[in-house]
Amino acid sequence: MYRKFFKRIFDIIFSLLAIIILSPVLLITALLVRIKLGSPVLFRQQRPGYKGKIFGLYKFRSMTDERDENGELKSDEVRLTSFGKKLRSTSLDELPEFFNILKGEMSFVGPRPLLVQYLPLYNERQARRHDCLPGLTGLAQVNGRNALSWEEKFEYDVEYTENISFLLDMKIIFKTFGKVFAREGISSANSATMEFFTGTPEKDEEKND
1202 MYRKFFKRIF DIIFSLLAII ILSPVLLITA LLVRIKLGSP VLFRQQRPGY
1252 KGKIFGLYKF RSMTDERDEN GELKSDEVRL TSFGKKLRST SLDELPEFFN
1302 ILKGEMSFVG PRPLLVQYLP LYNERQARRH DCLPGLTGLA QVNGRNALSW
1352 EEKFEYDVEY TENISFLLDM KIIFKTFGKV FAREGISSAN SATMEFFTGT
1402 PEKDEEKND
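Numbering of the sequence shown is given in my numbering, commencing with residue 1202 and proceeding in unit increments.
Dropping the structure here:
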């Protein structure tokens, strides 16, 4: 009942409240992004949602558009400024996603919406992360975020889709506040953001004699 009905009501009410209450923060952050990084203040990126349906994810930009001599965008490490790092570490860059929640494209809690290019790379179990709406935060985010391997993240995502409940959502939301204040798991061990997912190698099946 919660998964099919009350979860959506919860999302509508609290995303609307969050937009109203945090409107000064949204406006100030937008102004700072405009001053520090220029236009556009927001970027809209295509991401897969429920059952893999594509939607436009809203975020405050946290990187410059700096390019090399060939016109190609430079690496994340170069384009991610100190201001951008602060936006990400405080999760302020994700505040515009409240509008995605209000529109019904996301939920407060669920697997994070990743890149469209990853869709054909998931194995059968990993693809089950799309069995519910993607979330602003999720089980993987409160258990390591970008410090986790892709496989560990996906396992947490699938675990969530199999066990959605009001109590689990409340537990994840409260844990999220602690993680944001502690600024844990912002970066992976080898990258300023997170390495690209290239697929999980299938384990060799044991052959019977």
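Idealized CB from N, CA, C, for every residue including glycine.
{"Check": "Proximity of Gly1305 and Cys1333 at Cβ, strictly below 8 angstroms", "Outcome": "no"}
{"Check": "Residue nearest to Pro1249 in terms of C-alpha spacing, selected from Pro1321, Leu1223, Leu1232", "Outcome": "Pro1321"}
{"Check": "Helix, strand or coil at Ser1388 according to DSSP, with G and I counted as helix", "Outcome": "A caution first: Ser1388 carries a pLDDT of 48, below 50, which makes its placement in the model too unreliable to give a value."}
{"Check": "Closest Cα partner of Lys1237 within the set Leu1281, Asp1269, Phe1206", "Outcome": "Leu1281"}
{"Check": "CB contact flag (Gly1336, Arg1313, <8 angstroms)", "Outcome": "yes"}
{"Check": "Segment contact flag, the segment 1353–1363 with the segment 1283–1298, C-beta cutoff 8 angstroms, min 3 pairs", "Outcome": "no"}
{"Check": "Pair within 8 angstroms by beta-carbon distance, Arg1268 and Lys1260", "Outcome": "no"}
{"Check": "Under 8 angstroms between C-beta atoms of Leu1296 and Ile1213", "Outcome": "no"}
{"Check": "Unbroken stretches of the alpha helix (DSSP H), 4 residues or longer, contained in the segment 1240–1302", "Outcome": "1277–1280, 1283–1290"}
{"Check": "The alpha helix (DSSP H) enclosing Phe1309, as first and last residue numbers", "Outcome": "Counting along the chain, Phe1309 falls outside any alpha helix (DSSP H), though it belongs to the beta strand (DSSP E) covering 1308–1310."}
{"Check": "Extent of the continuous beta strand (DSSP E) to which Thr1338 belongs", "Outcome": "1336–1338"}
{"Check": "Residue interval of the alpha helix (DSSP H) (run including Thr1230)", "Outcome": "1224–1238"}
{"Check": "Exposure label - Arg1330; buried when at least 16 CB within 10 Å", "Outcome": "buried"}
{"Check": "Per-residue burial, Met1307 [other beta carbons within 10 Å of its own, 16 or more giving buried]", "Outcome": "buried"}
{"Check": "Residues near Val1343 in its chain [Cβ-Cβ closer than 7 angstroms; skip 5 each side]", "Outcome": "Ile1373, Lys1376, Thr1377, Lys1380"}
{"Check": "Straight-line gap, Leu1368 to Asn1271 (C-alpha atoms, nearest Å)", "Outcome": "52 angstroms"}
{"Check": "Chain-order list of residues whose beta-carbon lies under 6 angstroms from that of Ser1216 (same chain, five-residue window excluded)", "Outcome": "Phe1299, Ile1302, Leu1303"}
{"Check": "Extent of the continuous alpha helix (DSSP H) run through Val1343", "Outcome": "Looking at the DSSP string, Val1343 is not in any alpha helix (DSSP H), and its letter there is neither H nor E."}
{"Check": "Through-space distance from Val1279 to Ile1387, alpha-carbon basis", "Outcome": "With a pLDDT of 48 at Ile1387, under the threshold of 50, the modelled position of that residue is not reliable, and no figure is offered here."}
{"Check": "Rounded Cβ spacing between Gln1247 and Ile1255 (contact assumed at less than 8 angstroms)", "Outcome": "5 angstroms"}
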